[in-house]
Amino acid sequence: MAASPSNLPREEAAERAKKALAELELPKKLKGGGVVESLGEFDEATLTPEGLLPTGFQVRYEDREGISLLCSVTGAPRCRVHGHLGDHRVLLGAGATPEAAWEVAEGTVRTWAAAPPPAGASPSSPGDARSRVRAALKDSELFKGASWGVQRFGFADVDVLRALEGLPGVAEAEDYVFAEQKEGWGVRSENIRRELHKRGLGALAGKRMFDPDAPRGAAHSGKRSETDVIER
75 MAASPSNLPR EEAAERAKKA LAELELPKKL KGGGVVESLG EFDEATLTPE GLLPTGFQVR
135 YEDREGISLL CSVTGAPRCR VHGHLGDHRV LLGAGATPEA AWEVAEGTVR TWAAAPPPAG
195 ASPSSPGDAR SRVRAALKDS ELFKGASWGV QRFGFADVDV LRALEGLPGV AEAEDYVFAE
255 QKEGWGVRSE NIRRELHKRG LGALAGKRMF DPDAPRGAAH SGKRSETDVI ER
């Protein structure tokens, strides 16, 4: 497989990113069950120490019991995780980074699981929104097994990361350095793949290095640290 380009001129890297954006079709299904519904928009808050976090970016997960999770990037704090059941919506976690927000959400659900349920609370019983979502999430498959906030938010998918670099406004942001101006997507994807294995998510990692010129679906995900993946 051809090596992923690196150390490209900025103009060429930007053009390749725009091509990646044009090729990405939404909704985009992620390994692990999530669906990217929106890539969001570039604004002055998009460039963060963790990388590109476009306002309006969102990923949705659904389980077989009708509960869903929405991982989104909004105003400060940047990243939020909401639980949804029908018309009921409850904030589970928020933080400056995907990993921070997901860790808070996991902690919220763990606390609920360890505590006795409010009297009369169940997914199908009357009650306030928080009680109904709490009852549904306590045993939800969405919080079973290993997890990683970066992956849950969709930022361990190289197709998504490449497309984010193509959003209008990114090329004009002088402080942003494209992946292909530096190490290239081959190194970046290998870092993500290793991190997925490290966190017990090897089934999502794939086996081959990413080639940006290969057909869609050849990309694989992983990383050493959150900053390496969505690095600015």
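Residues in the sequence shown are numbered from 75 upward in steps of one, following my numbering.
Cβ coordinates follow ideal geometry from the N, Cα and C atoms, glycine included.
Because the structure is a prediction, the values reported are computed rather than measured.
Beta strand (DSSP E) containing residue i: first to last residue?
i, result
"Q132", "T129 to E136"
"L143", "I141 to V147"
Go to residue i, then tell me how far its alpha helix (DSSP H) extends in each direction, as first and last residue.
i, result
"A168", "From DSSP, A168 is part of no alpha helix (DSSP H) but of the beta strand (DSSP E) over H162 to G169."
"G157", "From DSSP, G157 is part of no alpha helix (DSSP H) but of the beta strand (DSSP E) over C153 to L159."
"K272", "W259 to K272"
"E254", "Where E254 is concerned, there is no enclosing alpha helix (DSSP H), given that its DSSP letter is neither H nor E."
"A94", "R84 to E97"
"E307", "Residue numbering for the chain in the displayed model covers 75 to 306; residue 307 lies beyond these limits and cannot be assessed."
"V224", "G223 to R226"
Is the separation between the beta-carbon of residue i and that of residue j shorter than 9 Å?
i, j, result
"A168", "V178", "yes"
"A324", "R236", "Outside the shown range of the chain, which is 75 to 306, sits residue 324, and nothing can be said about it."
"L121", "D249", "yes"
"S80", "K256", "yes"
"R152", "A119", "yes"
"A88", "G280", "no"
"A245", "R138", "no"
"W42", "R273", "Any property of residue 42 remains undetermined from this structure, which presents the chain solely from 75 to 306."
"A230", "L278", "yes"
"F217", "E173", "no"
Based on DSSP bridge pairs, tell me the residues matched to residue i.
i, result
"E115", "T129"
"T122", "G125"
"K212", "Paired residue(s): none; K212 is not in a bridge."
"V183", "According to DSSP, V183 bridges with nothing at all."
"V110", "K102 and V133"
Using CA coordinates, which residue listed in the options is at the minimum distance from residue i?
i, options, result
"V183", "T171, A170 and V155", "V155"
"L82", "L270, L159, P101 and G258", "G258"
"E136", "G280, S214, A245 and E239", "S214"
"H374", "E85, D202 and K103", "Within the shown structure, residues of the chain are numbered from 75 to 306, placing residue 374 beyond reach of any answer."
"F116", "V147, N265, L278 and H271", "V147"
"L275", "A230, D233, A174 and A220", "A220"
"L98", "V234, R204 and L159", "V234"
"S205", "I266, L159 and L278", "L159"
"L95", "V232, V261 and L216", "V232"
"Q132", "C145, A174, I141 and L216", "C145"
"P123", "A170, G181, K93 and T185", "A170"
"K103", "K92, R134, E86 and K93", "R134"
"L143", "N265, G157 and A150", "G157"
"G114", "G140, P190, P242 and T185", "P242"
Between residue i and chain D, is there a C-beta pair that is closer than 9 Å?
i, result
"V261", "You won't find chain D in this structure, because it holds only one protein chain."
Are at least three pairs of beta-carbons, each pair with one atom in the stretch 211–231 and one in the stretch 95–114, less than 8 Å apart? Contact holds: three or more Cβ-Cβ distances are below 8 Å.
If you pair each beta-carbon of the stretch 125–133 with each one of the stretch 202–218, do three or more pairs fall below 8 Å? In short, these stretches do not touch, since the Cβ pair count stays below three.
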